[in-house]
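Each number in the working numbering comes from the position in the sequence shown (counting from 1) with 26 added on.
So the structure is just underneath, and the comments pick up after that.
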Amino acid sequence: MRVTSSLADIDFEVGAIRRENGNLIVEGSPDSTIATTVTITPRDAADAIKRLLLSGATWRFLLSLPFGGGRGGGGSEDRWAERRKRTGINKPW
């Protein structure tokens with residue numbers, strides 16, 4: 027998956043998932059752009075699940091998966107790679 031913000035564009039692949047101190051910890055795999063750890067509190071998870079369940083976009087996305095709707099972004103990978111080269115984001119320091 028891709029995480030895009032004003033600070034960086036990150037290729038994020040889920041590595042390990044564990045529970046720690048009542049939170050869910052999601053660590054990026056070694057194939058991710060940078061080492062990443064996401065901490066999800068129970069409140070964060072409940073809010074996200076609620077928003078996902080109430081979103082029409084979520085249901086359309088899920089229903090399109092069996093028909094190839096979840097494959098690629100139609101050239102977005104090339105545009106994203108070009109943007110990374112142009113902006114210098116995520117280059118090793």
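Quick reminder that beta carbons are idealized off the backbone N, C-alpha and C, glycines included.
All values derive from a computational prediction rather than experimental measurement.
- CA-to-CA, the gap between R69 and E39 works out to about 23 Å.
- Under the DSSP assignment, A72 falls in the alpha helix (DSSP H) whose first and last residues are P68 to L80.
- Under DSSP, I36 forms a beta bridge with V29.
- The beta carbon of E46 is closer than 6 Å to none in its chain, skipping five residues each way along the sequence.
- Minimum Cα-Cα distance from A42 among the listed residues T67, T63, L91 and K76 corresponds to T63.
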